[in-house]
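Shown next, in structure tokens, is the structure this report addresses.
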Amino acid sequence: MPGTPDADGFPFPFSWRLAAPLSFNTDWRGENADPERETEVRLLWTPELLFLRFRARFRVITVFPDAETNGRRDQLWDRDVAEVFLQPDPSQLRRYKEFEVSPNGFWIDLEIAPGEKHNLKSGLQRRVILNEAAKTWVAELALPMKCLVESFEPGATWKVNFFRVEGAAELRFYSAWKPTRTAAPDFHVPEAFGELVFAPGPMPRK
Numbered sequence: 116m117p118g119t120p121d122a123d124g125f126p127f128p129f130s131w132r133l134a135a136p137l138s139f140n141t142d143w144r145g146e147n148a149d150p151e152r153e154t155e156v157r158l159l160w161t162p163e164l165l166f167l168r169f170r171a172r173f174r175v176i177t178v179f180p181d182a183e184t185n186g187r188r189d190q191l192w193d194r195d196v197a198e199v200f201l202q203p204d205p206s207q208l209r210r211y212k213e214f215e216v217s218p219n220g221f222w223i224d225l226e227i228a229p230g231e232k233h234n235l236k237s238g239l240q241r242r243v244i245l246n247e248a249a250k251t252w253v254a255e256l257a258l259p260m261k262c263l264v265e266s267f268e269p270g271a272t273w274k275v276n277f278f279r280v281e282g283a284a285e286l287r288f289y290s291a292w293k294p295t296r297t298a299a300p301d302f303h304v305p306e307a308f309g310e311l312v313f314a315p316g317p318m319p320r321k
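Add 115 to a position in the sequence shown, counting from 1, and you land on the number used in the working numbering.
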């Protein structure tokens, strides 16, 4: 768990270094590795907040120029994004939360269920830094636990997957931590999700 947050409400850099990173750079089938589009993810938590940090290497940046005044943008996935799908109750295979953030700080949050897709209105906070010279962008998200579960339980195990999309037009680069292995790009495959274990200290992931 992180210590005292910084002035923006996010963990300090030394706290992020305590979280073991996971990285991926292959497409949604687990093929066509591209190190220049590698994504690193770190997670930290408190009983009130789940923090995520994406560090994305990129070849090109393609973003929408417009969004709602609060930065929310429908169809955000049609441009470059980093994504996390969270399923706090693994017994409900087809019900999960989707969060996306773009290199210019736009975002979207959704509740996904069979035949349904609703705005989650999570109250998430985000911070994004784009470094054109280093060809990286870093996005930090703070997700209120209350938008994810009614009552958070330390020691719980959730299902999770992480994704990236990059490119202005097809064929775009669709990248997944846990490959979904569908014929066409599709991230909505909860059977492929990995595990997120809420243990003290750095968060182990399988």
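Heads up, the beta-carbon is just placed ideally off N, CA and C, and yes, glycines get one too. Note that the structure is predicted; figures quoted are calculated from it, not measured.
Leucine 311 to asparagine 219 span [Cα, whole Å]: Taking the first residue of the sequence shown as 1, we reach residue 311 at position 196. Taking the first residue of the sequence shown as 1, we reach residue 219 at position 104. Roughly 27 Å between the two C-alpha positions.
From threonine 119 to phenylalanine 129, what does the alpha carbon distance come to, in whole angstroms? Start at 1 with the first residue of the sequence shown, and residue 119 comes out as number 4. Start at 1 with the first residue of the sequence shown, and residue 129 comes out as number 14. Each residue's Cα considered, the two are about 11 Å apart.
Taking 8 Å as the cut-off, does the region 267 to 281 touch the region 200 to 210 (at least 3 CB pairs, one atom from each stretch)? Three or more Cβ pairs closer than 8 Å define a contact, and the region 200 to 210 meets that threshold against the region 267 to 281.
How would you label proline 126, buried or exposed, when you count the other beta carbons within 10 angstroms and need 16 or more for buried? Taking the sequence shown and counting its residues from 1, one reaches residue 126 at position 11. Within a 10 Å sphere around the beta-carbon of proline 126 sit 16 or more other beta-carbons, which makes this residue buried.
Are three or more beta carbon pairs between the region 159 to 170 and the region 238 to 254 nearer than 8 Å? yes
Roughly how many angstroms lie between the CA atoms of histidine 303 and glycine 124, to the nearest whole one? The residue labelled residue 303 in the question sits at position 188 within the sequence shown. The residue labelled residue 124 in the question sits at position 9 within the sequence shown. When rounded, the distance between both Cα atoms is 31 Å.
Which one of Leu245, Pro229, Val243 and Cys262 has the shortest CA to CA distance from serine 237? The sequence position of residue 237 within the sequence shown is 122, counting from 1. Comparing Cα-Cα distances from serine 237 to each of Leu245, Pro229, Val243 and Cys262, the minimum goes to Cys262.
Return helix, strand or coil for alanine 134, following the three-state DSSP convention. Reading the sequence shown from its first residue, position 19 is the one you call residue 134. In this structure, alanine 134 counts as coil in the three-state DSSP scheme.
Which residues in the same chain have their Cβ closer than 6 Å to the Cβ of glutamate 198, if we skip the five residues on either side of it in sequence? Numbered from 1 along the sequence shown, position 83 holds the residue referred to as residue 198. Excluding its 5 nearest sequence neighbours in each direction, glutamate 198 has C-beta neighbours in its own chain below 6 Å: Glu215 and Phe278, listed in chain order.
Tell me whether proline 317 sits in a helix, a strand or coil according to DSSP, three-state version. As a first step, residue 317 must be located in the sequence shown, where it is residue number 202. Confidence at proline 317 is low in this model, with a pLDDT of 41, below 50, so its placement is unreliable and the value that follows should be read with caution. Coil at proline 317, not helix or strand.
Tell me the DSSP secondary structure of glycine 282 in three-state form. Mapped onto the sequence shown, residue 282 falls at position 167. Of the three classes helix, strand and coil, the one that applies to glycine 282 here is coil, per DSSP.
For aspartate 149, which of Trp131, Glu281, Pro259 and Ala248 has the nearest alpha-carbon? As a first step, residue 149 is located in the sequence shown; it is residue number 34 there, counting from the start. The shortest C-alpha separation from aspartate 149 is found at Glu281.
Identify which residue in Arg241, Phe139, Arg210 and Leu239 has its Cα closest to the Cα of isoleucine 227. As a first step, residue 227 must be located in the sequence shown, where it is residue number 112. With distances taken between Cα atoms, isoleucine 227 lies closest to Arg210.
DSSP state of phenylalanine 179, grouped into three classes? Residue numbering aside, residue 179 sits at position 64 when the sequence shown is read from its first letter. Phenylalanine 179 falls in the coil class under three-state DSSP.
Just the C-alpha distance for aspartate 195 and asparagine 246, rounded to the nearest angstrom, thanks. Here the question's residue 195 lines up with position 80 in the sequence shown. Here the question's residue 246 lines up with position 131 in the sequence shown. The alpha-carbon atoms of aspartate 195 and asparagine 246 are separated by roughly 15 Å.
Which same chain residues, not among the five before or five after proline 317, have their C-beta less than 6 Å away from its C-beta? Taking the sequence shown and counting its residues from 1, one reaches residue 317 at position 202. For proline 317, the predicted model reports a pLDDT of 41, less than 50, meaning its position is unreliable; a value from the coordinates is still stated below. Only Leu133, Ala134 and Ala135 meet the Cβ criterion.
Tell me which residue opens and which closes the beta strand (DSSP E) that glycine 145 is part of. On the sequence shown, position 30 is the one that residue 145 refers to. Careful: glycine 145 lies outside any beta strand (DSSP E) and carries neither H nor E.
Residue nearest to methionine 260 in terms of C-alpha spacing, selected from Trp160, Asp121, Pro117 and Thr154: Within the sequence shown, the letter at position 145 stands for residue 260. If we check each option's Cα against that of methionine 260, Trp160 comes out closest.
Do you know whose CA, among Glu163, Asn140, Ser138 and Asn147, lies nearest proline 269's CA? As a position in the sequence shown, residue 269 is number 154, starting the count at 1. Here the closest residue by C-alpha is Glu163.
Considering alanine 171, what are the terminal residues of the beta strand (DSSP E) in which it resides? Within the sequence shown, residue 171 is the residue found at index 56, counting from 1. Taken as a continuous stretch (DSSP letters only), the beta strand (DSSP E) holding alanine 171 covers 164 to 172.
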